[in-house]
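Residue numbers (UniProt numbering): 1 to 881. The beta-carbon is built from N, C-alpha and C at its ideal position, and this holds for glycine as well.
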RNA sequence: GGGAGUUUAGCUCAGCUGGUUCAGAGCAUCUGCCUUACAAGCAGAGGGUCGAUGGUUCGAAUCCGUCAACUCCCA
């Protein structure tokens, strides 16, 4: 079959993916082999694959494929999470715009039906993209965090933690998303720096008896719309400006409430006016002050961010509209005396990025973190779980673990696991796996209720409260503990994820794993960096700088995209992604494809019966190079240095194999090929494809299949690696010398403007004639020499050059310019003499000879000898000019 | 405000426990080639006082101090 001019990914990718699927290569069942398990960090169902995912999935596929080829029973579990807030927001929006339905018109059950329909429709997009990328996930294991068994597992864990006293219900200051109308955990709030204003507002002062003194105290606030919730004014006890106000009151403007003036060192004398208005319901610090000083809490906001009746004024207005109105009113009354520019930080909702989060007091469910974090911290600190790269994230992890606050897990949403707390009419409640169990529990306490008497908590659980069970429940490890699969696959091997979810997810999975399996969920965590555009900007929808994955694959091929993202991806560092690197990947595929074409051309020209080729220097050399790189790759994989591994494979294939090896063994035009050389070349090619396969699965499989006729089941994807042999160091040195001589001669030819077609006669003055004798043929071909001769004396009228200790004379018909040659040689001479001086200086330094390691001193002596020999060679050459 | 990280060729980055085969790679640039696998290619070349400044050492891109710039995390 005629091979196409260039590699055409579209023609092979779908074909091989289907073949692998048909053969069941991605499927895993427990057996006698050691397992190698990865659980996919579940992308959320609302998403499409972006470049961050692409990097992530590619890394996982590389690890899985390499393990599959290394004797492991590999299991890569795909899935997605339900993304409570984001999905509910999308569904609500869809219902409104497409069907004109408000969520409030629906029952919980009706809403969930719509949500599941939505998930069926859009949730699969991401899987098809992962397939396009070539990922070898076990598609029979797709798991969703709202699957029935998963749902039950989450409820079971909730009940269990509650019974252990690790979950409680209570009123706390929480982060409120007024758009989604739900509480958020601390981790779901993103802070942004903003230019705000500080308003200086006057409050009238009343004396201890309550009589107005006619004086005012000025406070500074960013949030004048919360004034109506003020229940104190606080100043620093050391502040001389306010000391006389002990026992006095302030009158809150707009609502004329009389509130105490309190003293606390919390207040910074230097900030603003040194006087702080205290609004316990709407600021975490004020809340704490309120607790300390026993202040009244007045919540002036509704759950949608509008002012509540408790505000007294501007009731029903949005908080930002109310702010403007309050300012205007204060201004009218002459109470607003100054506006000041001020840089501040505001919290935004992670899932509704345009919505400012409101600190709010609310009754929610919390997980007590202290007991759970302790073992999870130890697991990482003592190296049971290894984080890559290095321990760069260890400090961050430690800090968070040591300072973590209780985790708010209730969300005022429907899309998620409904909290299994059942309330009796009298307000008491029981937490149970089902309403029947709740009734029984009530009964045990002497309260007799029917199901219709009880009301289940309306709220659902934080998505992360389900995804922290992921490495266990994808194997039913919570719902059916100690089943065969969880025993076989858990703990998993590697977790590959972005560093941005270290707290959301990684830390909590470790906690859950230790709590429920008494074992870490994974041995290694590999953090990928953030994918940025080539200007270093984050990729975002707003900037439109995130390339479309499917379009990239169409343009370059999946292998090229994988290559592109991996080659620019040092572990853990942010990577600047540029289409150009995919282009490099495409060119690489093409290069290999063309090497295939060359080798295939030889297929019909094999000279039978000859085996002389086995002694060919190129074969021995490449065998060693291959072994050397195979060993290096194995080391790099151990350290998760995938990008570097790809780089050295790339260089092995392109430079060593294509540029040197193939040129060295290539027969003359239409000449026969030695049988041994041919079969060795095919073997090397297969080895290279095998080494490269995890990175570029499609092209390598295609080429592997093209190289020889294969029997059924002989597929590269499952071809097992063999342990590399030890490379022959002396052959490698000779190979390096050959390359250096060839490049040197080519350079000399170039510099003297000898046309590529003009032949030279080469004379070599060397002490290692045998070395050159065995590479004579390939050397002559590579530098276009018509003859090679050995000499012990200088040849006149030649281009002179020196490589290491050997002298080369290039005899040519072209007119030579001795002055230019002389200049070049003299330049080298000056450099070498300077080098020699520095080495001698070092060696004559007694302290160096005494203190340095013997091998270092020896190395310096060797350098000295080499430099002297080379100087001698150059000096001799110069004499002939 | 607290903590972490980064600063090496035009660009993106390697350089582990200090020793001129460590001053590197890829891309980009320049020169010469449509050589019978590949112009998405081949053969070559140029380019950096390793952020600044002190110190330790026989010797520092590599260790320590200070400073500067940038990035990220936390409050």
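Asked                                                                                                                                                                         : Found
Suppose contacts are defined by Cβ-Cβ distances below 9 Å. Is residue 296 in contact with residue 231 by that definition?                                                     : yes
What beta strand (DSSP E) runs, 3 residues minimum, are completely inside the segment 560–647?                                                                                : 575–577
Evaluate residue 865 with the Cβ neighbour count: other Cβ atoms within 10 Å of its Cβ, from every protein chain shown; 16 or more gives buried, anything less gives exposed. : exposed
Taking the straight line between their C-alpha atoms, what separation do you get for residue 838 and residue 746?                                                             : 31 Å
Among 597, 558, 600 and 601, whose alpha-carbon lies nearest the alpha-carbon of residue 584?                                                                                 : 558
Looking at the structure shown, is residue 336 part of a helix, part of a strand, or coil, going by DSSP?                                                                     : strand
Checking the sheet assignment: what are the DSSP bridge partners for residue 170?                                                                                             : 364
Which residue spans inside the segment 782–852 form an unbroken alpha helix (DSSP H) run of at least 4?                                                                       : 818–844 and 846–851
Please report the straight-line C-alpha distance between residue 409 and residue 366, rounded to a whole angstrom.                                                            : 6 Å
Straight-line CA distance for residue 132 to residue 166?                                                                                                                     : 43 Å
Going by C-alpha to C-alpha distance, which of 474, 362, 154 and 140 sits closest to residue 41?                                                                              : 474
By DSSP's criteria, residue 144 is part of a beta bridge. Which residues make up the other side?                                                                              : 80
Just curious, the beta strand (DSSP E) that residue 388 is in, first and last residue?                                                                                        : 386–388
Measuring CB atoms only, is the segment 120–128 touching the segment 317–336, in the sense that at least three cross pairs come out at less than 8 Å?                         : no
Which of the three DSSP states, helix, strand or coil, is assigned to residue 234?                                                                                            : strand
What residue range does the alpha helix (DSSP H) around residue 730 cover?                                                                                                    : 729–751
Any idea what DSSP makes of residue 460, helix, strand or coil?                                                                                                               : strand
In terms of residue numbering, what span does the alpha helix (DSSP H) encompassing residue 444 cover?                                                                        : 435–444
From 347, 45 and 23, pick the residue whose C-alpha is nearest to that of residue 194; which is it?                                                                           : 347
Is it the case that the Cβ atoms of residue 34 and residue 72 are separated by a distance below 9 Å?                                                                          : yes
List the whole-angstrom C-beta distance separating residue 289 from residue 300, where the pair is believed to meet the contact cut-off of C-beta under 8 Å.                  : No, residue 289 and residue 300 are not in contact; Cβ-Cβ is about 17 Å, not under 8 Å.
Contact between the segment 766–785 and the segment 680–691 is defined here as three or more beta-carbon pairs at a separation below 8 Å; is this criterion met?              : no
With 16 other CB atoms within 10 Å as the buried threshold, where does residue 199 fall?                                                                                      : buried
Report yes if the CB atom of residue 477 is closer than 9 Å to the CB atom of residue 146, and no otherwise.                                                                  : no
So, with DSSP's three-state summary, where would you put residue 679?                                                                                                         : helix
Helix, strand or coil for residue 269 per DSSP?                                                                                                                               : coil
Tell me the rounded alpha-carbon separation between residue 705 and residue 716.                                                                                              : 8 Å
Which whole runs of the alpha helix (DSSP H) in the segment 8–44 are 4 residues long or more, in chain order?                                                                 : 9–23
Could you check which residue in 325, 294, 244 and 219 has the C-alpha nearest to that of residue 275?                                                                        : 219
Looking only at C-alpha atoms, which of 772, 9, 830 and 762 sits nearest to residue 812?                                                                                      : 762
Figure out for me which residue from 501, 3 and 377 has the closest Cα to the Cα of residue 43.                                                                               : 501
Which residues in the same chain have their Cβ closer than 8 Å to the Cβ of residue 742, if we skip the five residues on either side of it in sequence?                       : 779, 782 and 783
Who are the Cβ neighbours of residue 578 in its own chain at under 7 Å, not counting the five residues just before and after it?                                              : 534
Assign residue 527 to one of three DSSP states: helix, strand, or coil.                                                                                                       : strand
Among all the DSSP beta bridges, which residues are the ones paired with residue 494?                                                                                         : 38 and 524
In terms of alpha-carbon separation, which member of 221, 309 and 463 lies closest to residue 86?                                                                             : 463
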